[in-house]
Amino acid sequence: MNELIRLLSYMICLAAFLGLNLAYLGWVERKGAGHIQRRTGPKDVGPYGLLQPLADGLKLMSKQLIVPANADRPLYMCAPILTMVPAVLLFVAIPFGEHLVPREFSFGLLMMFAFASVGGMSILIGGWGSGNKYSLIAGARAVSQNVAYEIPMLITAITIVMITGSMDLNEIVRQQGGYIWNWNVFRLDKSILMPVSFLVFFICSLAETNRTPFDMGECEGELVAGYHTEYGGMGFGLFMMAEYANLVIGCSLTTVLFLGGWQSPIGIFPGPHWFLLKMYFLIWSFVWIRWTYPRTTFWGLLNLSWKYLIPFSLVNLLLTALFIKVF
Amino acid sequence: MSGYFKDIITGLKSLAVGLQITNKEFLTKPITLLYPHESVKMYPRYRGHIELIKDPETGMNRCICCGMCEKGCPSGSITVKSEKRPGVKGKVLTAYILNFTTCSLCGQCVENCKPEAIRFSNEYNLASTRREDYIFNLLEKLHPEGIPEPEVDPELLKKELEKEEAAKKAAAAKKEAAAKQEAVKKEPAKEGGESKAEEKS
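Chains as they are written, first to last, in the numbering used here: chain A, 1 to 327; chain B, 328 to 528.
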């Protein structure tokens, strides 16, 4: 019975949290884009355009779902759902607070990465199922990008696991308690390259969530709208929502692994507010980066991964192993 | 190998500079003009269609209806209609019609205007699907609430009336004189039948 209540409250809270985030991150992005370009962004629907996401949602839902003639119908229909499922599922393991964890897995980190790669596959399915050359190119690009960036991301995650000796996300956060220098970013006693490692992880999460400057999957200038070219109505809406859900998850994971999750930087009042503060700061930096940098070329993107991120993460792995062994 | 690290450092530096620039722009006020709610403040030298100037002292236009603008207009876009009113000095403008569809904004009319009665307006957002909407009566535009009657100068009116009276009298006298002369002339022709009768009575 207790378990059932826990499950229900988790479902309700998650739905509310996700729904609000997905809707209002779109608003934040549009407002941020506007102000960075010295425009005002949405402002007419509601005060400060705050009802804009609602209007967008209504518009998307009222649209007809059209399946292109030469699309692979089952794949085409299931791709948007398949992007959304892992995005929602991954919130199970994220520790928002010390006791505010939907489910404490001893292998939470592994689960995160396992299901995150399903998201990349759903992009390929969407691109393939659309029966459109642009979508297909976008899908292929997105997958090769995801493969390339998963390697440094995983190696960096392994460094963290080596330091903490646990794959439980809540345990990782617990070990970063106390003050700001106990956060994994600043754990120079474990490896002097930890800040670089954080940067590598940050860049990889940018690429994994298909955000500019690594949005090879969307690539408006070259591929119309990439893998969701053929999607309209709520199919497109689900893709957009999944993008923001992945954004939230990527930032949550970075917060948990490097920025001490719900731990306070000054040692007092640890709690979910710190987690949210850090997460939203990272999300804002994602938006900030998106509207600052142009898209990289495809070879530039792979170059960055294979020539810079992977060597650096490997060096950091070796250094961490050495530090742990020696000290 | 040395180029490798140099690339990373310069690359990161330039990325940081980019972020600084967008941050600076983010913190400055947006320059968007909310067009239907606000409108652009035009520069004084902007050339919109011409308009009549309201004299701040009299609240009327300064047009003397000389028609120099009409004559100077290379496209024949201007028509000035005027009339004489009793008790008012000079002519009174009754309609100043500008056909803006043919106007090329050359400014000859403004150059020609001696009393500086017309100027370029700052009107820039004109839109219509009908050609007739571009034929303006500038006098109506100057007084959208109704064209005011020009002030009648009583002394001038009196003078004018006297003059008119005098002119009438003079005309009447002239007529009489002319009639008399005619009569005198006619008398011999008519063999003085009438004048004879008069003399009798």
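Ideal Cβ placement from N, Cα and C applies to all residues, glycine included.
- Per the Cβ contact rule, the segment 26-38 of chain A is in contact with the segment 49-58 of chain A (3 or more Cβ pairs under 8 Å).
- Within the segment 339-369 of chain B, the residues whose Cβ lies closer than 9 Å to any Cβ of chain A are, in chain order, LEU339, LEU342, GLY345, LEU346, ILE348, THR349, ASN350, GLU352, PHE353, LEU354, THR355, LYS356, PRO357, ILE358, THR359 and LEU361.
- Looking at GLY97/A, LYS59/A, VAL67/A and THR83/A, the one whose alpha-carbon comes closest to that of SER264/A is GLY97/A.
- Residues of chain B whose Cβ lies closer than 9 Å to the Cβ of GLY34/A are, in chain order, PRO357 and THR359.
- Boundaries cannot be given for ARG103/A, as no beta strand (DSSP E) includes it and DSSP labels it neither H nor E.
- Excluding sequence positions up to five before and after THR209/A, its CB lies within less than 6 Å of the CB of ASN246, LEU247 and GLY250, all in the same chain and listed in chain order.
- LYS411/B is bridged by DSSP to LYS418/B.
- The three-state reading of DSSP puts ASN426/B in strand, counting E and B together.
- Close partners of ARG38/A in chain B (Cβ separation under 9 Å): GLU352, PHE353, THR355, LYS356, PRO357, ILE358 and THR359.
- A residue is called buried when at least 16 other Cβ atoms come within 10 angstroms of its Cβ; LYS490/B does not meet this threshold and is exposed.
- The segment 454-497 of chain B is shown to contain whole beta strand (DSSP E) runs of 3 or more residues at 462-464, in chain order.
- At a C-beta separation below 8 Å, ILE335/B has these neighbours in chain A: TYR308.
- Per DSSP, the unbroken beta strand (DSSP E) holding ILE445/B starts and ends at 445-447.
- By the C-beta criterion, the segment 441-459 of chain B is judged to be in contact with the segment 364-376 of chain B, since at least 3 inter-stretch pairs fall below 8 Å.
- THR229/A has a beta carbon lying at 7 Å or more from every beta carbon in chain B.
- One alpha carbon belongs to SER455/B, the other to GLN435/B, and they sit about 26 Å apart.
- Straight-line measurement puts the Cα of ILE268/A at about 34 Å from the Cα of ALA207/A.
- Taking a Cβ-Cβ cut-off of 8 Å, the neighbours of TYR293/A in chain B comprise LEU342 and GLY345, given in sequence order.
- For LYS43/A and LEU304/A, the gap between their C-alpha atoms comes out near 38 Å.
- In chain order, GLY127, TRP128 and SER130 place their CB closer than 8 Å to the CB of LEU136/A, counting only its own chain and leaving out the 5 sequence neighbours on each side.
- In summary, the residues of the segment 273-294 of chain A whose CB is separated from some CB of chain B by less than 7 Å are TRP288, TRP291, THR292 and TYR293, in the order they occur in the chain.
- Restricted to the segment 24-103 of chain A, the alpha helix (DSSP H) segments that are unbroken, complete and at least 4 residues in length are 52-61 and 73-89, listed in chain order.
- When rounded, the separation of the alpha-carbon atoms in GLY338/B and GLY330/B is 12 Å.
- With respect to PRO272/A, LEU169/A sits apart: the two C-beta atoms are not nearer than 7 Å.
- Residue pairing by DSSP places ASN388/B opposite LYS381/B in a beta bridge.
- Residue pairing by DSSP puts ILE405/B in a beta bridge opposite LEU425/B.
- Taking the CA atoms as reference points, ALA140/A sits about 13 Å from ASP215/A.
- In the DSSP assignment, ALA148/A falls within the alpha helix (DSSP H) that extends over 133-164.
- Cβ-Cβ distances below 8 Å link LYS59/A to nothing in the same chain once the five nearest sequence neighbours on each side are left out.
- The shortest CA-to-CA distance from ILE424/B to any of LYS381/B, THR385/B, ARG457/B and LYS468/B is the one to LYS468/B.
- In the three-state scheme derived from DSSP, where H, G and I count as helix and E and B as strand, TYR451/B is classed as coil.
- Under the criterion of beta carbons closer than 8 Å, PRO68/A and GLU230/A qualify as touching, at roughly 5 Å.
- Look at TYR179/A here: in three-state DSSP terms it is strand.
- For LEU317/A, the CB contacts under 6 Å within the same chain, skipping 5 residues up- and downstream, are ILE155 and THR159 in chain order.
- Beta-carbon to beta-carbon, TRP181/A and GLY260/A are separated by about 10 Å, too far to satisfy the 8 Å threshold.
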